[in-house]
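Going letter by letter, the first sequence gives residues -8 to 407 in my numbering.
For reference, the structure discussed in these notes is given below.
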Amino acid sequence: MIALADCNNFYASCERAFNPKLRNKPIVVLSNNDGCVIARSSEAKKYIPMGAPAFKYKNEFKRYEINVYSANFTLYGDISGRVMRIMHSYVQDMEIYSIDEAFLNLKGFRQPVDHCKKMRAEVLKATGVPVSIGIAPTKTLAKLCNHYAKDHKETGGVFKWSDLEDKEGYLKQLPVEEIWNVGRRSTVKLNINGIYNAYQLMNANESWIRNEFSITGLRTISELKEIPCFKLEQNGDPRKGITSSRSFGRAVTDLTNLEEAVATYISRAWEKLMEQKSACSHVYVSIVTNRHKDTPQYYNSITIPLTISTWYLPELIDAALKGLRQIYKKGYSYKKATTMLLGIYQRGDVNLSLIEPDYDFKRINSLMNAIEKINKKDGSESIKYASTGIKQIWREKKEMKSPRYTTSWNELLTVN
DNA sequence: TCTGGGGTCCTAGGACCC
DNA sequence: TCTGGGGTCCTAGGACCC
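Written out as structure tokens, the structure reads:
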């Protein structure tokens, strides 16, 4: 038996947890740069669609007195950690699937619903975040039960597949696009072939599904039939690629500013590389103009191999800038840069290069550890490389950010 | 005129997720 | 004026090997 626990309107719930005035009030949270809506409280869902560009909905924000926040990922990440720790104290085995979701292994529990209700109550009390829980034999069905729990108040936030009386009826009224791993593309293809609901999908021809939707499609229909195909994954595996990308606060045309941004993004990616104690062998850079604008468009990317797998930041920045200069073209207004660290290895597995026998891993390691430590203590970018720039005119805008209540001494909640 | 069979690794692109 | 960011997995095709 597997449970999927999913925080309700997570980012909005985080904002609300520290601000009682927001209770029962509509809230939306905006993406970086205050670009589009990435979370809505239930009160806001009526008025604002998911992903809505913020500037197009200024009037609605005002008219319905919606509380608008810039994303505060430091806060959300910290709250997520607290929620996950509590849930982990209720089960041995758990897979953190995203910032606000986890699959729990409920094997062996006699009263899984009661157990989850207890867990749910503790999470709510300790963090203020409401969680919905779906329990089923497979991940796909647990996802569906989770939706069911969210949509039906009388469940108390916890719902089990085997308690559903008319399963066939339920699946027949469930559009295929609501099934986990059935996205936009597949929905169109399924609809063209006369498959509209979960029941039809479950009974579709398996070899046709295999051909059209690959092994993932086949697994999905098995999971609907209560045959588990997606296992509980182990957390803690190092990431296979680390991305840092950001839109600019304003368009950037000159190379110097792009260089600052790329050096800054690489530094962010390097922080994550350090956290998982890895080395990387390739650095990727791309730059792109604003596709929403009626101006000349340009996109290019490049992957630079490093002579030796490393976690030495100056070398990563160096490679990225080298790549950037190769793809940069004058005369365009750039909107966004993306950087990635690829070819990620655990440091123990790194081959000591025969080409550079003098590479001093000991020295760079202590230097990198020192920078990491200081930045952890005194804040990111306390120590940084000069190539990341001082003025940073390309920085994103965040005009409506809430305080980092739980991770910054200067921003603690004040109680009067 | 004739031109195998079986395998691995890498990459790009597509689709999906939150 | 203003339209997010960070991941995973699968597949097909090319390069290369014996």
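Virtual Cβ for every residue (Gly too), placed ideally from N, Cα, C.
Within 10 angstroms of the Cβ of V104, are there 16 or more other Cβ atoms? Answer buried if so, exposed if not.
buried
Residue range of the alpha helix (DSSP H) that L95 falls in?
Counting along the chain, L95 falls outside any alpha helix (DSSP H), though it belongs to the beta strand (DSSP E) covering E92 to N96.
How many Å lie between L97 and H79 at the Cα?
12 Å
Taking 8 Å as the threshold (C-beta atoms), are I183 and L192 in contact?
no
For H138, which of helix, strand or coil comes out of DSSP?
helix
Between which two residues does the beta strand (DSSP E) harbouring I87 extend?
M85 to S89
Does the beta-carbon of S148 have 16 or more other beta-carbons within 10 angstroms, so that it is buried, or is it exposed?
Note that residue 148 is Gly in the sequence shown, not Ser. Label assigned to G148: buried.
For L315 and V253, believed in contact at Cβ under 8 Å, the rounded distance:
5 Å
Label S89 either buried or exposed according to how many other C-beta atoms from any shown protein chain fall within 10 Å of its C-beta, with 16 as the threshold for buried.
exposed
Sequence-distant residues of its chain with Cβ nearer than 7 Å to Y454 (five each side left out):
Given that the chain is displayed from residue -8 to residue 407, the structure contains no residue 454 and the question cannot be resolved.
In angstroms with no decimal places, state the Cα-to-Cα distance between G334 and F1.
33 Å
Taking 6 Å as the limit between beta carbons, can you name the residues of its chain near N281, skipping five residues before and five after?
K326
May I ask which residues mark the beginning and end of the beta strand (DSSP E) holding P296?
Y290 to T301
Bounding residues of the alpha helix (DSSP H) (the contiguous stretch that carries Q191)
A189 to M193
Do K16 and N50 count as a contact pair if the criterion is CB distance below 8 Å?
no
Indicate the three-state DSSP secondary structure (helix, strand or coil) for Q337 in the structure shown.
strand
What does a CB cutoff of less than 7 Å around I374 pick up in its chain, not counting 5 residues either side in sequence?
I362, I365 and N366
Among all the DSSP beta bridges, which residues are the ones paired with T286?
In the DSSP output, where bridge partners are listed per residue, T286 has none listed.
Check whether the Cβ atoms of K216 and L(-5) sit closer than 8 Å, and answer yes or no.
no
Check whether the Cβ atoms of V120 and S4 lie closer than 8 Å to each other.
yes
Of all the options L95, N10 and S71, which has the alpha carbon lying nearest to the alpha carbon of V82?
L95
Going by alpha carbons, who is nearest to V276 out of Y139, S258, T330 and S324?
T330
Please report how far the alpha carbon of I126 lies from the alpha carbon of D25, in whole angstroms.
36 Å
Rounded to a whole number of angstroms, what is the C-alpha to C-alpha distance between D69 and D157?
40 Å
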